[in-house]
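Taking the numbering used here, the leading residue of the sequence shown gets -13, the next gets one more, and so forth.
Just so it is clear, CB atoms sit at the ideal spot from N, CA and C, and this is done for glycine as well.
Encoded as structure tokens, the structure appears first; notes follow it.
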Amino acid sequence: MFYGCNVVNEGLKVKLYPDKVMKDKFNQSLGNARFVWNNLLTEYQKTFELFKQHGYTKLKCNQTTFNTMLTMLKKQYPFLYKSESSSLQQVYRDLLHAFNGFFKKNSNYPKFKSKKNPKNGFRIQNNKNIKITSNTIVLPK
């Protein structure tokens, strides 16, 4: 007899003490995430203005469009390949979420990210590529 199912979302928050090489890789990933966010936001604004000039006032964002834009950005800027691909994909998912909130009048228009903002971060999706042992964590790339 089936009584139900419990869904558990697990997360792990840890304090890391990275060496210089790891700090450089983290900074690269942070910078790439910020770069992708700002570029996708700029491209959306340019496209919206183009649509507006031709009388269209609504331009919906979708995951396929942002994924294609990310692929184009990677071809144009090879340094983006130094970041984990899932973390860059998460950037456009977050931007899509921000736009959906804006269109539903639940939040403000998405803002550009700045280096000066102390709250910056990136997420890595765990596709069984993160290894945790007693005193080390191995992250992809």
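Buried or exposed (CB count within 10 angstroms, at least 16 for buried), residue i
i	result
Val77	buried
Glu35	exposed
Pro96	buried
Phe37	exposed
Asn18	buried
Lys(-1)	exposed
Phe65	exposed
Phe52	buried
C-beta atoms of residue i and residue j nearer than 8 angstroms
i	j	result
Phe15	Phe108	Going by the sequence as given, residue 15 is Ser instead of Phe. Taking 8 angstroms as the Cβ cut-off, Ser15 and Phe108 qualify as a contacting pair.
Ser69	Gln111	no
Residue i - partner residues in DSSP beta bridges
i	result
Val124	Lys117
Three-state class that DSSP yields for residue i in the structure shown
i	result
Lys61	helix
Val0	coil
Ile13	The amino acid occupying residue 13 in the given sequence is Asn; Ile does not appear at that position. Helix at Asn13.
Contact belief for residue i with residue j at Cβ below 8 angstroms, rounded distance in angstroms
i	j	result
Gln49	Leu82	6 angstroms
Cys47	Phe85	5 angstroms
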